[in-house]
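**Q** First the structure, then my questions, so here it is.
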Amino acid sequence: MFEHMKKELERLAQLQQVSVPLESDAEGYWDKECPSPGCLFQFKVHNEDWKNIVRDEEVFCPACRHAAPAKSWFTIAQVEAAREFALGTVVNCLNRAIREDASESKRRQSPNSFLRITLEARGGRDAVLLPIASAEPMRLRAVCEGCECRYSYIGAAYFCPSCGKNSAKHTFFQTLGSIRSAVGLRGTLVGSIGIDEAEVVTQSLIEKGVLDAVTSFQRLSEQLYLLRTGKQAKRNSFQNLDVGSELWKSEIGQSYDQLTDEVSVAKLRIFYQQRHLLAHQQGIVDAEYIERSQDHRYVVGQKILVREGDVLEFVRLIEILGNGLMEHVGD
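The end of the sequence shown is residue 372 by our numbering, with every number in the run present.
If you want it as structure tokens, here you go:
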């Protein structure tokens, strides 16, 4: 009477996997999540590129560059939904087997028999099996300059998920955008943590913006120099405005004041020297700062004051310089 059920249980006992359909978002991207417990960064990869460009052996996290096989990058939500889908598949298989046994038991009964024993199936509602839905599209998108893999993310991403390459160009513009956003948070912070704390936090973000702007341009210059010459520049050469300018003049025939103008370079020199004070002397002015920057607004022993407008101007100038450099190196 339970032959179909027995066969189905035997089949399920041998079942190794259940195929679970995944949907891409409206723009064709699949949800992914870093499997590293300390990261769990969520991002998306275009489904065609995941199938045709990304390798099964190794995928990289755009945030931390953790590497793992392609099968390891399902999101926690996808894993939970897949578990429910698999359970629903098993339930539906058992329900079908019970109904088949019940139907067959009725067919086997003789209408003239004195005693009739039949099986009747009641309840056993089937699970509704739907493809696993994708999260909403992510606003920030990137295309790897090396392998052309398309991916999207929220926040900041530094590495291509397919080849693991770090694009200094992408990081450069991403960092400048982050600085612009961060230095304008004073109003938001005042409403959430109070005016005194907001002022301290905002000033810290402003000063960090000066440091980050120099670092991002340094990384961009180092990568462009390697691309142009095939060799690494001397360590921290592009952390020094004058040394970096001379390196590029000897390589592409253009110094920084030719890529921008003398007034802009004079402003950049002040910002670079302020970065040095913030990084090494907590912003306290010394004689070397005044000599190198020619910034006579301060005397030795004072602390430099960097305001929101200063950082935005620094970012504007460093972006112009970076764009000019990329244009010449790309020629």
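Glycine included, each C-beta is placed from N, C-alpha and C at the ideal position.
Please read all numbers here as calculations on a predicted model, not as lab measurements.
How is the beta strand (DSSP E) around arginine 191 delimited, first residue to last?
**A** Start and end: 191 to 194.
**Q** Reducing DSSP to helix, strand and coil, say where alanine 198 ends up.
**A** DSSP places alanine 198 in coil when its eight states are reduced to three.
**Q** Between the Cα of asparagine 207 and those of Arg260, Leu353, Glu99, spot the shortest distance and give me the residue it belongs to.
**A** Taking only the C-alpha atoms, the option nearest asparagine 207 is Arg260.
**Q** Can you tell me the Cα-Cα spacing of leucine 170 and phenylalanine 115, whole angstroms?
**A** The predicted position of leucine 170 is uncertain, since its pLDDT is 48 and thus under 50; no value can be drawn from it.
**Q** Would you grab the beta carbon distance between leucine 217 and valine 356 for me? Rounded to a whole angstrom, and I think it's under 8 Å.
**A** Yes, they are in contact, since the Cβ atoms of leucine 217 and valine 356 sit about 5 Å apart, within 8 Å.
**Q** Along the chain, where does the beta strand (DSSP E) containing valine 86 start, and where does it finish?
**A** 83 to 87 is the extent of the beta strand (DSSP E) around valine 86.
**Q** Hey, out of Val86, Arg338, Met367, whose CA is closest to alanine 198's CA?
**A** Here the closest residue by C-alpha is Val86.
**Q** Are there 16 or more other CB atoms within 10 angstroms of the CB of glutamate 240, so buried, or fewer, so exposed?
**A** Looking at its Cβ environment, which holds fewer than 16 other Cβ atoms inside 10 Å, glutamate 240 is exposed.
**Q** Within 10 angstroms of its Cβ, does lysine 73 collect 16 or more other Cβ (buried), or is it exposed?
**A** The residue in question, lysine 73, is buried, as its Cβ has 16 or more Cβ neighbours within 10 Å.
**Q** Would tyrosine 297 pass as a contact of serine 193 if the rule is Cβ separation under 7 Å?
**A** No, the pair does not count as a contact, with Cβ atoms beyond the cut-off.
**Q** Flag this pair as yes or no: are the beta carbons of serine 175 and serine 65 separated by less than 7 Å?
**A** Yes, Cβ-Cβ distance for serine 175 and serine 65 is below 7 Å.
**Q** Buried or exposed: isoleucine 236, going by 16 or more other Cβ atoms within 10 Å of its Cβ?
**A** By the neighbour-count rule (16 or more Cβ atoms within 10 Å), isoleucine 236 is not buried but exposed.
**Q** Tell me whether the region 222 to 236 and the region 322 to 335 touch, counting them as touching only if at least three CB pairs, one residue from each stretch, are closer than 8 Å.
**A** These segments do not touch.
**Q** Please list, in chain order, all residues of the same chain as threonine 301 whose beta carbon is under 6 Å from its beta carbon, the five residues on each side excluded.
**A** Taken in chain order, the residues that qualify are Ile361, Leu362.
**Q** For lysine 112, which of helix, strand or coil comes out of DSSP?
**A** Three-state DSSP puts lysine 112 in a helix.
**Q** Tell me which same chain residues have a C-beta within less than 7 Å of the C-beta of leucine 318, skipping the five on either side of it?
**A** If we look at leucine 318 and ignore the five residues flanking it on each side, its Cβ neighbours are Gly324, Ile325, Val326, Tyr330, Ile345.
**Q** Do the region 209 to 216 and the region 75 to 94 touch if we need at least three Cβ pairs shorter than 8 Å?
**A** These segments do not touch.
**Q** Might you give, ordered along the chain, the residues of its own chain that have their beta carbon closer than 7 Å to the beta carbon of serine 423, omitting 5 neighbours on each side?
**A** The structure shown does not extend to residue 423, since the chain spans only 42 to 372, so no value can be given for it.
**Q** Looking only at its own chain, which residues have a Cβ that is under 8 Å from the Cβ of glycine 250, when we skip the five neighbours before and after it?
**A** Hits under 8 Å: Ile220, Ala223, Val224, Val352, Phe355, Val356.
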